[in-house]
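K.L.:
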Amino acid sequence: MNKKELYNKILQLDGLTNEEKSELLGLLRKQKKYGLVWEDKPEDVEERLREDLPVLIEDASKAIISDDADAPNHILIEGDNLEALTALAYTHEGKIDVIYIDPPYNTGNKDFVYNDKFVDKEDSYRHSKWLSFMNKRLRIAKQLLSDRGVIFISIDDNEQAQLKLLCDEIFGVKNYISTMPRITKASGKTTDKIAQNHDYVLIFAKDESICTITGIPHDDAGFKNIDEFYSKRGKYKLNQALDYDSLSYSASLDYPITINGETFYPGGDYEKHLERLKGNHKRADWAWRWSEELFQFGFDNGFIVVKDGRNGKRIYTKTYQRVTIEKIGNDYQIVEKERIKPVQSIQLIDNCFSNDNAKKELGIIFEEIPFDYPKPTSIMHYMLQTISECSTILDFFAGSGTTLHATMQLNAEDGGHRKCILVTNNENNICEEVTYERNKRVINGYTNTKGEEVTGLTANTLRYYRTDFVSRSRSMRNMRKLMSLSTDMLCIKEDLYTELPEFVGQKTFANVFRYFSNGTKHMMVIYREEAVMQLVELIKKADYEGRMKVYVFSPSEDPWEGEFEEVADRVELCALPLAIYNAYKRILPNKKDVALEQENNATDNIDKTFDGMLNFDEEEE
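Here this note's numbering = 1-based position in the sequence shown + 163.
(1) Flag this pair as yes or no: are the beta carbons of V417 and D370 separated by less than 7 Å?
(2) Alpha carbon to alpha carbon, how far is V469 from T549?
(3) Take D558 as the anchor and find which of F315, E693, D658 and L653 has the nearest alpha-carbon.
(4) For K337, collect the residues of the same chain with a Cβ closer than 7 Å to its Cβ; drop the 5 residues on either side in sequence, then sort them by chain order.
(5) Beta-carbon separation of N518 and A234 under 7 Å?
(6) Between G668, E456 and M686, which lies nearest to T661 when the distance is taken from Cα to Cα?
(7) Assign E241 to buried or exposed, taking buried as 16 or more other Cβ atoms, counted over all protein chains shown, within 10 Å of its Cβ.
(8) Touch check for the region 708-715 and the region 730-744: three-plus C-beta pairs under 8 Å?
(9) My assumption, with CB atoms under 8 Å, is that F632 sits in contact with L216. Please give the rounded CB distance.
(10) So, with DSSP's three-state summary, where would you put G442?
(11) Cβ of T270 within 7 Å of Cβ of N321?
(12) Go through the region 584-637 residue by residue and report every complete run of the alpha helix (DSSP H) that reaches 4 residues or more, in order.
(13) For Q323, does the three-state DSSP call read helix, strand or coil?
(14) Could you give the DSSP three-state label for K490: helix, strand or coil?
(15) Going by CA-CA distance only, name the one from H290, W449 and E256 that's closest to A304.
(16) At a Cβ threshold of 7 Å, is K348 touching chain C?
(17) Within the continuous beta strand (DSSP E) that includes E246, where are the two ends?
(18) Please report how far the alpha carbon of I228 lies from the alpha carbon of T487, in whole angstroms.
(19) Per DSSP, I342 forms a beta bridge with which residues?
(20) Count the CB pairs spanning the region 373-387 and the region 560-569 that are closer than 8 Å, and state whether there are at least three.
(21) Just verifying my parser: in three-state terms, what is the DSSP assignment at D471?
(22) Under the three-state reduction of DSSP, which class applies to S185: helix, strand or coil?
(23) Can you give me the C-alpha to C-alpha distance between F534 and Y599, rounded to a whole angstrom?
(24) Need the endpoints of the beta strand (DSSP E) that S680 sits in, please.
(25) My parser needs the beta strand (DSSP E) runs of 3 or more residues fully inside the region 392-435; what are they?
(26) Which of the three DSSP states, helix, strand or coil, is assigned to H290?
(27) So, G619 versus N611, is the Cβ gap smaller than 7 Å?
(28) I need the boundaries of the beta strand (DSSP E) containing V715, first residue and last residue.
(29) Apart from the five residues just before and just after L308, which ones in its own chain have a Cβ nearer than 6 Å to its Cβ?
(30) Which residue from T482, L567 and K476 puts its Cα closest to that of N464?
(31) Of the choices L301, K284, S224 and K280, whose alpha-carbon is the least far from that of I262?
(32) Could you pull the DSSP bridge partners for Q697 from this structure?
(33) Can you tell me the Cβ-Cβ gap for D362 and T347, rounded? I've got them flagged as a contact below 8 Å.
(34) The beta strand (DSSP E) with F315 in it runs from where to where?
(35) Can at least three beta-carbon pairs, one atom from the region 441-452 and one from the region 401-417, be found at a separation below 8 Å?
(36) Between K327 and I509, what straight-line distance do the alpha-carbon atoms span, to the nearest angstrom?
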């Protein structure tokens, strides 16, 4: 039955009003011409998110704090990743540079849990459940990605085709980068037909036109020679000879070169040179690769070498590790340039990227391998090297914690300051006993299974959070709980965790204002509108460099510019992240609420001062 026939059938249906028929026809017209169609299967976690607001609560007992004040702050979140992603939308929208995930492959072999039940091969909604599951998480992931951000997704043939179409829809077909096959096991999985020994890494950009995938740093294997320019240019290698016989012929590139009294011609033959200039040449014939102007610049600056070969002396050009020649305006200049190699789509077929290698890595850290299908650090290590600008990485299917391990390794190698956020549930204690424990050992150092001492990557801080909830119901208790926990998430947002007990001699109170500073960055969070004017006076007296970020919790959208006008050059007034602000408004009690009236009665003297100082009593939380 074609669409036209279906239209007529709907129009002829009995028992439906014209309005109902119109609605059905509208739905039919909205159907996609191409793409995925599946039946959405709601998750239990979605129901809870309709009732409660997700927040993050730090478990300070698990924090690993580096002595290095400049150490990157990594975050491990224990909880359902849909809950965690929703909370991260408060703090990291548009801030994530790289996402790597290794979601369940939906093989039907108890690898995918949906609503607390394993999805087996016989489940008729197997693919719909998986697509529903992934769709919700990938849409939030897209919001979290920066404009230049990239997402890498490991997957196998069970869902690869469906995932590609889903990502085409979410990220856009034009933002598809590549699908890279990856070796999983050198020997493969024994079958009666074909041994399966690969899966894939699917790559999409937020915006392909500006994404930061540029290739990997050159391994420098061919750079072996040293000259007088080594300190600034690094080692060099010799490229092919300056003359070439398959260039599209140009008389301007067929000129004589004299070095130390000896004259050279392309191809080495003076007579043939003259014939070519007369027009007796092939479409592609001998010529120099460089123009006269470029050659002279290269010769004057040490980029030219004359070497003896089988057919006599020839001119060669040098390629240095750290510099190249570029034409800027009308002049040639020597510019610094990191040499990179383009990423190859079959790069991940080397055995170092296999699951076997991943198990060896875990087997060195743990006496018994605590995870069935780990990924090796080499995957993330390689992928991160392809990103020229990367400060924040997210993995919301963290598993054994490989992504953080690889991030810290790469930081140690190249002096980077990348931060990593991991999210995983604690099923079978995986978060505490595997993900956290692995990276704790990597940071602190450990004795491996061979009895060797492994030095820790101590220039890293790891903070441990759990997802929690605040009821959406309107009450003062819920409002204040949200304010407190939102502050923790503002600390994550600003990457500022050091709280000071006072500000300009004024003791802070958790329900009035809090002050955070690491000496470089400063943040004040104000909970009571009544305190604003007095805090402005303190800001006038404060001795700090730069501008302090100030958040004011308020039932209105008033940005408070007028109140902070006198210190406008010293503060940056920050609107609350929209998600937090809207959540705050949703649970803010009405003025007539009994709870609010009681609160007002208890704080009639809220604006009392003593010698210009705030005089609030710290109330019980």
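C-beta atoms are modelled at their ideal positions from N, C-alpha and C, and glycine is treated no differently.
P.N.:
So, from the listed chains and residues:
(1) Looking at the sequence itself, residue 417 is Asp, so the reference to Val does not match. No, these two residues do not count as a Cβ contact at 7 Å.
(2) 36 Å
(3) F315
(4) E371
(5) no
(6) M686
(7) buried
(8) yes
(9) 6 Å
(10) coil
(11) yes
(12) 600-607
(13) helix
(14) strand
(15) E256
(16) No chain C appears in the structure shown, which is made up of a single protein chain.
(17) First-last for E246: N244 to T254, but that is the alpha helix (DSSP H), not the beta strand (DSSP E).
(18) 42 Å
(19) The question names Ile, but residue 342 in the sequence shown is Thr. Bridge partners of T342: L365.
(20) no
(21) strand
(22) helix
(23) 13 Å
(24) F676 to S680
(25) 399-404, 406-411, 420-422 and 425-427
(26) helix
(27) no
(28) M711 to V715
(29) I259 and K369
(30) T482
(31) L301
(32) In the DSSP output, where bridge partners are listed per residue, Q697 has none listed.
(33) 5 Å
(34) L308 to I318
(35) yes
(36) 18 Å
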